[in-house]
Amino acid sequence: SAVISQKPSRDICQRGTSLTIQCQVDSQVTMMFWYRQQPGQSLTLIATANQGSEATYESGFVIDKFPISRPNLTFSTLTVSNMSPEDSSIYLCSVRYRLAGVNEQFFGPGTRLTVL
Amino acid sequence: AQSVTQLGSHVSVSEGALVLLRCNYSSSVPPYLFWYVQYPNQGLQLLLKYTSAATLVKGINGFEAEFKKSETSFHLTKPSAHMSDAAEYFCAVGRDDKIIFGKGTRLHILP
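Heads up: the sequence lines are chains A and B, in that order. Under my numbering, think of the first position of the first sequence as 14, with each following residue one higher. Under my numbering, think of the first position of the second sequence as 278, with each following residue one higher.
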């Protein structure tokens, strides 16, 4: 399995500011994903971040609001821009490996964001 | 389109009792199915996965799930609940491109 770390683990931010979340994986992976988990809700995929290409965003998410970088095979960042209280969520980084012919996905511990 | 429906946002069972968390899926092709667990203030951990090799899948911590195509279900069970099983459980369906999560079921264990 993969060991995934995220920084920061939590933050409290003011409306209108931006926060960049870092995701570090202990091995090289092609496919990385960013999810959002709003309070009491399930996980929603924000975007897929593959190294060497632009991130692919899901419906309802745009690059201007959630810019993503993927400089190498072990690291990615997600920025939450111009934050509002509605952005208060847990943001999770995830990676996918192909093990024994099956795609298996692992998740980081999450970044708990509160926007005041 | 693929989706999963988890019946019951909250389930309470007594310690030592059977745990049953329900999940029904919708998929136009044979799916990969997963159960994840999220303990308080932690990330998601894979409990088990169905990949068409066997309909009864055994996972970690004594959990298992049975794939029933006729019922489009993939319910999660554990014969005897333990206090440490209190967590949020997510059923998910996926193919090669992405994984879609259900809304989750919070399991409460009563002493």
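Virtual Cβ for every residue (Gly too), placed ideally from N, Cα, C.
Mind listing the chain A neighbours of Tyr316 (chain B)? Cutoff is C-beta to C-beta under 7 Å, in chain order.
-> What Tyr316 (chain B) touches in chain A: nothing, since even the nearest Cβ is about 10 Å away.
Is there a Cβ from chain B that is less than 7 Å from the Cβ of Pro52 (chain A)?
-> no
Keeping to the same chain, check which residues put their C-beta closer than 6 Å to that of Phe311 (chain B); ignore five residues upstream and five downstream.
-> Lys326 and Ala369
When we look at the beta-carbon of Leu126 (chain A) and count the other beta-carbons within 10 Å, is it buried (16 or more) or exposed?
-> buried
Please name the residue in B:Glu348, B:Pro356 and B:Ala331 whose C-alpha comes closest to that of Asn338 (chain B).
-> B:Pro356
Can you find at least 3 beta carbon pairs, one from the region 106-113 of chain A and one from the region 31-50 of chain A, that sit closer than 8 Å?
-> yes
In chain order, which beta strand (DSSP E) runs of at least 3 residues are fully inside the region 286-343 of chain B?
-> 287-291, 296-303, 309-315, 321-327 and 333-335
Counting contacts by CB-CB distance shorter than 7 Å, is Gly336 (chain B) in contact with chain A?
-> no
Contacting residues, own chain, Cβ-Cβ under 8 Å from Met360 (chain B) (five flanking each side not counted) | Glu292, Ile386 and Pro388
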